[in-house]
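**Q** Right, I'll just put the structure down here and ask away after.
Chains as they are written, first to last, in this note's numbering: chain C, 3 to 190; chain B, 49 to 198.
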């Protein structure tokens, strides 16, 4: 059984648990989803602090009204949709200026065996930040969340062909950006 | 673009960059690997749990107040409806002004004094089924002739 199939069902289980046990079960949902939600929100807000604000708002809302998630048809898609909406609201509200060419705000995991790859990862994150939001969010959902275009379309409220088109354009741009920036690196 | 286009089976490890064959599959694998580079902040979890618990505590503190208020409002609503139904459905008795106006009309029509007409109207109001006609006529006639004790 691969992760792609099990993750939404794990979220569903967590949602049912939350609805049954109330706010005491919120920690399970946080542990399961916060990393992915922050990553997704980061692609939209392009800033980790704002992304965490969005995720925090969503999780608090879910913790206060657990039935919302339990009653939804697809709890994981519902969470992603909520996070996206909250991220967009924060983006609209945001007054402060920030540079998308910087990754100073990101909290990263540095594994010993991936030190050499860190620079590539940073280039990828920078490249994602340089993409338009409508394209970067599709990339995140497609590659990191391993969703189909139909599922992505449901979260983003567009047609599957639009999602596929955005993904194609995004990948085209990313390949240009990463070829230029990462191409000089030695094979990792 | 179909999903199957990207569903090539990877070799397991990360692909190497290839300037000549920079295909999307390699790119996807690199992006996928970069997904675990970023993590959520340490404060996110405790902040969410703390806020959710605080909200739950606030909710439980307000619960009796809300329940009491809702019960009170419901009771007031039911009471108002009951009073309205009683006022609407139960037949209303004669008021003083009704009796007085009837007595005035009777006094004018029968040519009797107002106090006698009032007495008749009161009798009719108290015993609606009884006929007061004969006695009244007799009393009225006697009253006209001045034969009553009054």
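For glycine and all other residues, C-beta sits at the position ideal for the given N, C-alpha and C.
Give a yes or no on whether the minimum CB-CB distance between residue 101/B and chain C is below 8 Å.
**A** Walking along the second chain from the start, residue 101/B turns up at place 53. Judged by the 8 Å Cβ criterion, residue 101/B is in contact with chain C.
**Q** So, does the CB of residue 114/B fall closer than 8 Å to a CB anywhere in chain C?
**A** Stepping through the second chain from its first residue, residue 114/B is reached at position 66. For residue 114/B, the answer is no, since every Cβ of chain C falls outside 8 Å of its Cβ.
**Q** Using a Cβ-Cβ cutoff of less than 6 Å, which residues in the same chain neighbour residue 52/C once the five nearest sequence positions on both sides are dropped?
**A** The residue labelled residue 52/C in the question sits at position 50 within the first chain. Closer than 6 Å at the Cβ level, and outside the excluded window around residue 52/C, lie 92.
**Q** Using beta carbons (cut-off 8 Å, strictly below), is residue 30/C in contact with chain B?
**A** The sequence position of residue 30/C within the first chain is 28, counting from 1. Judged by the 8 Å Cβ criterion, residue 30/C is not in contact with chain B.
**Q** How many angstroms separate the CA atom of residue 103/B from the CA atom of residue 18/C?
**A** For the purposes of this step, residue 103/B is taken as the residue at position 55 of the second chain. For the purposes of this step, residue 18/C is taken as the residue at position 16 of the first chain. Rounded to the nearest angstrom, the two C-alpha atoms are 20 Å apart.
**Q** Going by other Cβ atoms of all chains shown within 10 Å of its Cβ, with 16 needed for buried, is residue 52/B buried or exposed?
**A** Working through the second chain from its first residue, we reach residue 52/B at position 4. Caution applies to residue 52/B, whose pLDDT of 43 falls short of 50 and renders its modelled position unreliable; the value that the coordinates give is listed next. Result: exposed.
**Q** Work out the CA separation of residue 140/C and residue 165/C for me, nearest whole Å.
**A** Locating residue 165/C in the first chain gives position 163, where the first residue counts as 1. Locating residue 140/C in the first chain gives position 138, where the first residue counts as 1. Answer to the nearest angstrom: the Cα atoms are 7 Å apart.
**Q** Suppose the cutoff is 8 Å on Cβ atoms and the five residues either side in sequence are ignored; what does the same chain contact list for residue 36/C look like?
**A** The sequence position of residue 36/C within the first chain is 34, counting from 1. Sequence-distant partners of residue 36/C (beyond 5 residues in either direction) whose C-beta falls short of 8 Å from its own C-beta, in its chain, are 57, 61.
**Q** Buried or exposed: which applies to residue 176/B, given that a residue is buried once 16 or more other Cβ atoms fall within 10 Å of its Cβ?
**A** If you number the second chain from 1, residue 176/B lands on position 128. Exposed, because fewer than 16 other Cβ atoms sit within 10 Å of the Cβ of residue 176/B.
**Q** Have a look at residue 130/C and residue 151/C and give me their C-alpha separation to the nearest angstrom.
**A** The residue you call residue 130/C lines up with position 128 of the first chain. The residue you call residue 151/C lines up with position 149 of the first chain. For residue 130/C and residue 151/C, the distance between alpha carbons rounds to 19 Å.
**Q** Quick check: the region 98-114 of chain B against the region 68-84 of chain C, are there 3 or more CB pairs under 8 Å?
**A** no
**Q** Answer with buried or exposed for residue 153/B, where buried requires no fewer than 16 other C-beta atoms within 10 angstroms of its C-beta.
**A** Numbered from its first residue, the second chain carries residue 153/B at position 105. It is exposed - the Cβ of residue 153/B has fewer than 16 other Cβ atoms within 10 Å.
**Q** Look up residue 142/C in the DSSP assignment and say whether it is helix, strand or coil.
**A** Working through the first chain from its first residue, we reach residue 142/C at position 140. Residue 142/C sits in a helix when the DSSP states are folded into three classes.
**Q** As a quick exercise: from 124/B, 136/B, 100/B, pick the residue whose alpha carbon is nearest that of residue 68/C.
**A** What you label residue 68/C is simply residue 66 of the first chain in a count that begins at 1. Taking residue 68/C as reference, the option from 124/B, 136/B, 100/B with the minimal CA-CA separation is 100/B.
**Q** Residue 110/B CB to nearest chain C CB: under 8 Å?
**A** Sequence index remark: in the second chain, residue 110/B carries index 62 (1-based). Residue 110/B does not count as touching chain C.
**Q** By the 10 Å Cβ neighbour count, where 16 or more other Cβ atoms means buried, how is residue 156/B classified, buried or exposed?
**A** Here the question's residue 156/B lines up with position 108 in the second chain. Exposed is the call here.
**Q** Hey, could you find the ends of the alpha helix (DSSP H) residue 131/B is sitting in?
**A** As a position in the second chain, residue 131/B is number 83, starting the count at 1. Start and end: 92-137.
**Q** Count the other C-beta atoms from every protein chain shown that fall within 10 angstroms of the C-beta of residue 42/C, then say buried if there are 16 or more, exposed otherwise.
**A** Counted from its first residue, the first chain places residue 42/C at position 40. Residue 42/C is buried by the Cβ-count criterion.
**Q** Check this for me: beta carbons of residue 85/B and residue 127/C, under 8 Å apart or not?
**A** Residue 85/B sits at position 37 when you count from the first residue of the second chain. Residue 127/C sits at position 125 when you count from the first residue of the first chain. Yes, they are a contact pair.
**Q** What residues of chain B sit near residue 123/C, judged by a beta carbon separation below 8 Å?
**A** Residue numbering aside, residue 123/C sits at position 121 when the first chain is read from its first letter. Chain B residues near residue 123/C: 81, 82, 85.
**Q** With a cut-off of 8 Å on the beta carbons, I'd call residue 54/C and residue 89/B a contact; round off their distance for me.
**A** One-based indexing of the first chain puts residue 54/C at position 52. One-based indexing of the second chain puts residue 89/B at position 41. Going by Cβ atoms, the distance from residue 54/C to residue 89/B rounds to 5 Å, so yes, they are a contact pair.
**Q** Could you list which residues in chain C have their beta carbon closer than 9 Å to that of residue 140/B, in chain order?
**A** Within the second chain, the letter at position 92 stands for residue 140/B. What residue 140/B touches in chain C: nothing, since even the nearest Cβ is about 51 Å away.
**Q** Is residue 159/B helix, strand or coil by DSSP?
**A** Numbered from its first residue, the second chain carries residue 159/B at position 111. If DSSP states are grouped into helix, strand and coil, residue 159/B belongs with coil.
**Q** For the region 154-178 of chain C, which residues have a CB atom closer than 9 Å to at least one CB atom of chain B, in sequence order?
**A** So the close ones are 163, 166, 167, 169, 170, 173, 174, 176, 177.
**Q** Apply the 10 Å Cβ neighbour rule to residue 174/C and answer buried if 16 or more other Cβ atoms are within range, or exposed otherwise.
**A** Translated into positions along the first chain, residue 174/C becomes position 172. Residue 174/C is exposed by the Cβ-count criterion.
**Q** Spatial neighbours of residue 82/C within its chain, please: CB distance less than 8 Å, with the 5 preceding and 5 following residues excluded, ordered by chain position.
**A** Counting from 1 along the first chain, the entry for residue 82/C is found at position 80. Around residue 82/C: 39, 42, 143, 147, 157.
**Q** Are there 16 or more other CB atoms within 10 angstroms of the CB of residue 78/B, so buried, or fewer, so exposed?
**A** Within the second chain, numbered from 1, the residue matching residue 78/B stands at position 30. Buried, by the Cβ-count rule.
**Q** Would you kindly work out how many angstroms separate the C-alpha atoms of residue 94/C and residue 46/C, rounded to a whole number?
**A** Mapped onto the first chain, residue 94/C falls at position 92. Mapped onto the first chain, residue 46/C falls at position 44. Whole-angstrom Cα-Cα distance: 11 Å.
**Q** Let me confirm a value: residue 67/B is counted as buried when at least 16 other C-beta atoms fall within 10 Å, else exposed. Which label applies?
**A** Residue 67/B sits at position 19 when you count from the first residue of the second chain. Caution is warranted here: a pLDDT of 45 is assigned to residue 67/B, below 50, making its placement in the model unreliable, and the coordinate value is therefore given only provisionally. Looking at its Cβ environment, which holds fewer than 16 other Cβ atoms inside 10 Å, residue 67/B is exposed.
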